[in-house]
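Notes follow once the structure below has been shown.
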Amino acid sequence: MIRLISDTSSNENQAPDLGEVVRKVFEPDGILQKTLDFEFRGEQAEMAKRVEDCLAQGEHLLFEAGTGVGKSLAYLVPAILHARMRKRPCVVATNTISLQEQLLEKDIPALRKILAGIPGFEEWADFECALLVGRANYLCANRLHRARSGQTELFEAGQREELERIFEWINENPVEGIRQEMSPLPKAGVWDLVNADSSLCSSKRCSPQSCCYRKARARVESADLVVVNHSLLFSLMGAGYGPSDEEGGVMFADDFVIFDEAHEIPEVAGDHLGLSMSSWAMETSLRRLYNPRQGKGLLKKLGRPKDLEAVEDASLAVDDFFQHLHVRILGEQSRIRLLEKGVFPMEVLPPLSRVVRS
Numbered sequence: 000m001i002r003l004i005s006d007t008s009s010n011e012n013q014a015p016d017l018g019e020v021v022r023k024v025f026e027p028d029g030i031l032q033k034t035l036d037f038e039f040r041g042e043q044a045e046m047a048k049r050v051e052d053c054l055a056q057g058e059h060l061l062f063e064a065g066t067g068v069g070k071s072l073a074y075l076v077p078a079i080l081h082a083r084m085r086k087r088p089c090v091v092a093t094n095t096i097s098l099q100e101q102l103l104e105k106d107i108p109a110l111r112k113i114l115a116g117i118p119g120f121e122e123w124a125d126f127e128c129a130l131l132v133g134r135a136n137y138l139c140a141n142r143l144h145r146a147r148s149g150q151t152e153l154f155e156a157g158q159r160e161e162l163e164r165i166f167e168w169i170n171e172n173p174v175e176g177i178r179q180e181m182s183p184l185p186k187a188g189v190w191d192l193v194n195a196d197s198s199l200c201s202s203k204r205c206s207p208q209s210c211c212y213r214k215a216r217a218r219v220e221s222a223d224l225v226v227v228n229h230s231l232l233f234s235l236m237g238a239g240y241g242p243s244d245e246e247g248g249v250m251f252a253d254d255f256v257i258f259d260e261a262h263e264i265p266e267v268a269g270d271h272l273g274l275s276m277s278s279w280a281m282e283t284s285l286r287r288l289y290n291p292r293q294g295k296g297l298l299k300k301l302g303r304p305k306d307l308e309a310v311e312d313a314s315l316a317v318d319d320f321f322q323h324l325h326v327r328i329l330g331e332q333s334r335i336r337l338l339e340k341g342v343f344p345m346e347v348l349p350p351l352s353r354v355v356r357s
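In numbering that gives the first Met the number 0, the protein residues as written are 0 to 357.
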């Protein structure tokens, strides 16, 4: 699935025909076969054509293809051509780490070879690519220095050894400075004290020269191609990260996004952009306020009699609400998609509102 904003580039009549370039890459005995010795795949060529058409026309695209088609190159080739030609960042979002690794270690190096084999596009083989993962995965050199300075007081012997292993690893200049590059992975208890997921790792305290997270953010801001995972992308969207409505785009101004493994999007997006509730969570919260069976709760001493009554009424309403969902809507199923409005009994809202006002 690709989201694209209308093209604003000028001198379109003088621009090369990217559709023709894509055709020459994927045609029989084309550039792909000559540079990488890959076999011709008709479905791959068709997918690449559809992706290029979509990018050129500013449309959305859903494409399903089987294993072994070569989907990654089919979208990467037209995507990087449009990203470079129109100076618009391309974001590729995957659901799994294994696919991210495949893109970074196999497909993107292959993409550079393909570009180097296209007459007139050789310089584009040096396009900038950046990986962005959750900030807790990055090492913060500032926090590492602080931890090593006070390690005698703060760490046990085994933790101090792990701290020194992390220090030796970062001095070997890993590519990204993320925990996944360490083998074996760092111990969670120690890594939590030196990663970038802390208020101690901030733009005021850390610089791109020393902090792996700040360095990654700097690379991302100037990259032609950014690789992220679904979870991080929707997490950033849910937190309000991204361009203004006037600028357009998803993560960056005037960008376009390609979702690989798009069948996983509904669940991941729902986790980050949606709201969830359960009978257990609501009943537990109400019992903390007041448990009529035990005669205990926060409102027992602090509340008024009508507040306790409001909690009891809300508990009954919540029970009726979830019974209705189970019997009338879910039935024998554990999950169901609801498209129409008005299917939920709203009688639960007034009792809960009275509790909120208590």
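Backbone N, C-alpha and C define an ideal beta-carbon position, used for all residues, glycine too.
{"Query": "Coarse secondary structure for Ser5, derived from DSSP in three states", "Result": "Note that Ser5 scores a pLDDT of 44, beneath 50, so its modelled location is shaky; the value from the coordinates is reported in the next line. Coil, per DSSP."}
{"Query": "Inter-residue spacing [alpha-carbon to alpha-carbon] between Gly67 and Ala55", "Result": "26 Å"}
{"Query": "Member of Ile96, Ser148, Lys112, Phe62 whose CA lies at the smallest distance from the CA of Phe369", "Result": "It is not possible to answer for residue 369, since the shown part of the chain is limited to 0 through 357."}
{"Query": "Unbroken stretches of the alpha helix (DSSP H), 4 residues or longer, contained in the region 182–269", "Result": "187–190, 211–221, 229–237"}
{"Query": "Element boundaries [beta strand (DSSP E), containing Cys89]", "Result": "89–93"}
{"Query": "Length of the line joining the Cα atoms of Arg134 and Tyr212", "Result": "6 Å"}
{"Query": "Per-residue burial, Phe120 [other beta carbons within 10 Å of its own, 16 or more giving buried]", "Result": "buried"}
{"Query": "Which listed residue (Arg83, Glu161, Leu102) has its alpha carbon closest to that of Ala73", "Result": "Leu102"}
{"Query": "Close Cβ partners of Glu246 (< 7 Å) along its chain, the five nearest in sequence each way excluded", "Result": "Ala252, Asp253"}
{"Query": "Among Glu331, Ser148, Pro185, Val326, nearest to Arg164 - alpha-carbon criterion", "Result": "Pro185"}
{"Query": "Closest by C-alpha distance to Val219, when choosing among Leu98, Arg327, Cys89", "Result": "Cys89"}
{"Query": "Beta-carbon proximity list for Pro291, same chain, < 6 Å, skipping 5 on both sides", "Result": "Glu311"}
{"Query": "Contacts around Leu315, its chain only, beta-carbon distance under 7 Å, and the 5 residues preceding and following it disregarded", "Result": "none"}
{"Query": "Residue environment, Gln99, which counts as buried when at least 16 other CB atoms sit within 10 Å", "Result": "buried"}
{"Query": "Collapsed DSSP secondary structure at Ile177 in the structure displayed", "Result": "strand"}
{"Query": "Three-state class that DSSP yields for Tyr137 in the structure shown", "Result": "strand"}
{"Query": "C-alpha distance - Ser9 paired with Lys86, whole-angstrom precision", "Result": "Only weak support exists for where Ser9 lies, its pLDDT of 45 falling under 50; the value from the coordinates is given anyway. Each residue's Cα considered, the two are about 12 Å apart."}
{"Query": "According to DSSP, residues forming a beta bridge with Lys295", "Result": "Asn290"}
{"Query": "Through-space distance from Gly269 to Ala14, alpha-carbon basis", "Result": "41 Å"}
{"Query": "Identity of the residue in Gln208, Leu224, Arg142 nearest Val189 by Cα", "Result": "Arg142"}
{"Query": "Distance between Ser97 and Glu63 (C-alpha atoms, nearest Å)", "Result": "19 Å"}
{"Query": "CA nearest to the CA of Arg327, picked from Val342, Ala313, Val317", "Result": "Val342"}
{"Query": "Rounded straight-line distance, which links the Cα of Val174 to that of Ile1", "Result": "The predicted position of Ile1 is uncertain, since its pLDDT is 46 and thus under 50; no value can be drawn from it."}
{"Query": "Given 8 Å, three or more beta-carbon pairs between the region 289–305 and the region 329–339", "Result": "no"}
{"Query": "Counted within 10 angstroms of its Cβ, other Cβ atoms place His81 as buried (16 or more) or exposed", "Result": "buried"}
{"Query": "Test item: CB-CB of Val76 and Ala47 under 8 Å", "Result": "yes"}
{"Query": "Segment limits, alpha helix (DSSP H) that includes Ala44", "Result": "41–56"}
{"Query": "Cβ-Cβ distance between Val347 and Phe320 below 8 Å", "Result": "yes"}
{"Query": "Own chain partners of Ala129 with C-beta closer than 6 Å, once the 5 adjacent residues on each side are dropped", "Result": "Arg218, Val219, Ala222, Val225"}
{"Query": "At least three beta-carbon pairs within less than 8 Å, the region 224–240 to the region 257–274", "Result": "yes"}
{"Query": "Buried or exposed (CB count within 10 angstroms, at least 16 for buried), Thr93", "Result": "buried"}
{"Query": "Which of helix, strand or coil DSSP assigns to Ala124", "Result": "helix"}
{"Query": "Three-state class that DSSP yields for Ala146 in the structure shown", "Result": "helix"}
{"Query": "Straight-line gap, Glu260 to Glu167 (C-alpha atoms, nearest Å)", "Result": "36 Å"}
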